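Single-structure report; data block below.
In the numbering used here, the protein residues as written are 6 to 384.
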């Protein structure tokens, strides 16, 4: 008998568990996060790129008064040259399509104002306003592109003629980005981001495990409501800034909750760091991945459910190892010390004692390796 098995009980299970996670697209950088996962009772989740594909597409452009769709697209594309936001790619992709169809559009629509690739404007004093949008100066005029919170920051009102169209788009779970020039709204761009097929299954499983799922998004309340309803999420917050997510996590932690946070953007990094278990999408930004203890390489929230299953199986395996090692050594060490000799004349030979010592450690290792056969499928 040998107490070495007690020292192997936890690290062996963790090592095998981390390997099992990696095989299933769950990269565990912090073993403590995996151990904590089974205690989680609240999951805070971002929307874009976490519950949705994170590949928004530009669906429509609505104009106000004397502006044109081409002007709005050109200005938006010019601003987004310097942005890393997912919506920026959608704008630039649409702009690229406009270039490819430039000649055809000019001929069919007789509209020579359609932006060509060379007409992208030079942007000066570009600034990314976290959780709200972007701004810059084009031809000496201030141009803003972002959500309603950005307009509020600059005291810009949405024209009444646009409000109904905005609501109609938001009710279709679309994201709205307003474009303004010199503090006047020219129109808005409407984006759609498909919900991941696995999101509904993952959320249903987590809720059945008595985990409260809360969606916090920087998107508008109408879009947030539509997405939450489709996924069966009862509690959600809209128009959230990065600090709002962090404050909500702190509030829940002060109430004694164990909080996990999933996100993929640079805006999610503070909340991921604050949570008990930070879970980043592997398809997200480096800042989010760096702040999280667990990274889902496939960028699929179903990985959260798998991480919880793995955590529960890991904890059970550690308990089995500790129980066996403790009982084995509690019985074996006194026998090896000669406890039975006065009563039965039994003494362990050095060869048997050495074999028994090795068996205690080998048994713990073999039991830990059973984790490789664990099933992490979400039913």
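C-beta: ideal position from N, C-alpha, C; glycine also.
These numbers come from a predicted model, not from an experiment.
Extent of the continuous beta strand (DSSP E) run through residue i
| i | result |
| --- | --- |
| residue 50 | 47-50 |
| residue 130 | 129-134 |
| residue 181 | 180-186 |
| residue 295 | Premise fails: residue 295 lies in the alpha helix (DSSP H), 291-296, not in any beta strand (DSSP E). |
| residue 285 | 282-286 |
| residue 141 | 138-143 |
| residue 384 | No beta strand (DSSP E) holds residue 384; DSSP gives it neither H nor E. |
| residue 194 | 189-197 |
| residue 126 | Here residue 126 belongs to no beta strand (DSSP E), and DSSP marks it neither H nor E. |
| residue 299 | 299-301 |
Residue i, buried or exposed, once every other Cβ within 10 Å from all chains shown has been counted against 16
| i | result |
| --- | --- |
| residue 369 | buried |
| residue 229 | buried |
| residue 177 | exposed |
| residue 279 | buried |
| residue 15 | buried |
| residue 179 | buried |
| residue 371 | exposed |
| residue 291 | exposed |
| residue 24 | exposed |
| residue 41 | buried |
| residue 240 | exposed |
| residue 119 | The predicted model places residue 119 with a pLDDT of 48, which falls under 50 and marks its position as unreliable; any figure quoted below should be read in that light. With 16 or more other Cβ atoms within 10 Å, it is buried. |
| residue 75 | buried |
| residue 198 | buried |
| residue 124 | exposed |
| residue 153 | buried |
| residue 172 | exposed |
| residue 367 | exposed |
| residue 87 | exposed |
| residue 157 | exposed |
| residue 237 | exposed |
Continuous alpha helix (DSSP H) stretch holding residue i: start and end
| i | result |
| --- | --- |
| residue 166 | 165-175 |
| residue 104 | 91-105 |
| residue 207 | 202-213 |
| residue 157 | 153-158 |
Alpha carbon of residue i to alpha carbon of residue j, nearest angstrom
| i | j | result |
| --- | --- | --- |
| residue 233 | residue 204 | 11 Å |
| residue 324 | residue 284 | 25 Å |
| residue 333 | residue 254 | 43 Å |
| residue 79 | residue 51 | 30 Å |
| residue 53 | residue 9 | 48 Å |
| residue 6 | residue 375 | Bear in mind that a pLDDT of 49 at residue 6, under 50, signals an unreliable position, so the number given afterwards is only what the model happens to contain. If I take the Cα positions, the gap works out to 23 Å. |
| residue 144 | residue 69 | 21 Å |
| residue 246 | residue 135 | 8 Å |
| residue 139 | residue 131 | 7 Å |
| residue 224 | residue 304 | 20 Å |
| residue 208 | residue 268 | 15 Å |
| residue 46 | residue 129 | 47 Å |
| residue 297 | residue 275 | 10 Å |
| residue 168 | residue 181 | 11 Å |
| residue 373 | residue 248 | 41 Å |
| residue 272 | residue 293 | 8 Å |
| residue 95 | residue 101 | 10 Å |
| residue 200 | residue 260 | 31 Å |
| residue 49 | residue 184 | 30 Å |
| residue 244 | residue 330 | 53 Å |
| residue 227 | residue 17 | 49 Å |
| residue 55 | residue 381 | 20 Å |
| residue 295 | residue 335 | 44 Å |
| residue 211 | residue 97 | 37 Å |
| residue 72 | residue 270 | 32 Å |
| residue 384 | residue 281 | 26 Å |
| residue 122 | residue 81 | Confidence at residue 122 is low in this model, with a pLDDT of 46, below 50, so the placement of that residue should be treated as unreliable; the coordinate-derived value is given next. Rounded to whole angstroms, residue 122 to residue 81 spans 13 Å at the Cα level. |
| residue 155 | residue 137 | 5 Å |
| residue 288 | residue 365 | 43 Å |
| residue 310 | residue 318 | 13 Å |
| residue 12 | residue 263 | 28 Å |
| residue 221 | residue 307 | 18 Å |
| residue 378 | residue 58 | 31 Å |
| residue 141 | residue 34 | 38 Å |
Counting Cβ pairs closer than 8 Å, one from the segment 28-43 and one from the segment 61-76, do we hit at least three?
Verdict: no, contact absent.
Please specify which runs of the alpha helix (DSSP H), each continuous and at least 4 residues long, are wholly inside the segment 15-76, giving them in chain order.
As far as the segment 15-76 is concerned, its whole alpha helix (DSSP H) runs of at least 4 residues are 36-41.
The segment 158-170 in contact with the segment 183-196 per 3-pair CB rule at 8 Å
Yes: at least three Cβ pairs fall under 8 Å.
Please give the ranges of any alpha helix (DSSP H) in the segment 233-274, keeping only runs that are unbroken, at least 4 residues long and fully inside the region.
Complete alpha helix (DSSP H) runs here, min 4: 247-259.
Counting pairs of beta carbons, one from the segment 91-98 and one from the segment 210-225, are three or more of them closer than 8 Å?
Short answer: they don't touch.
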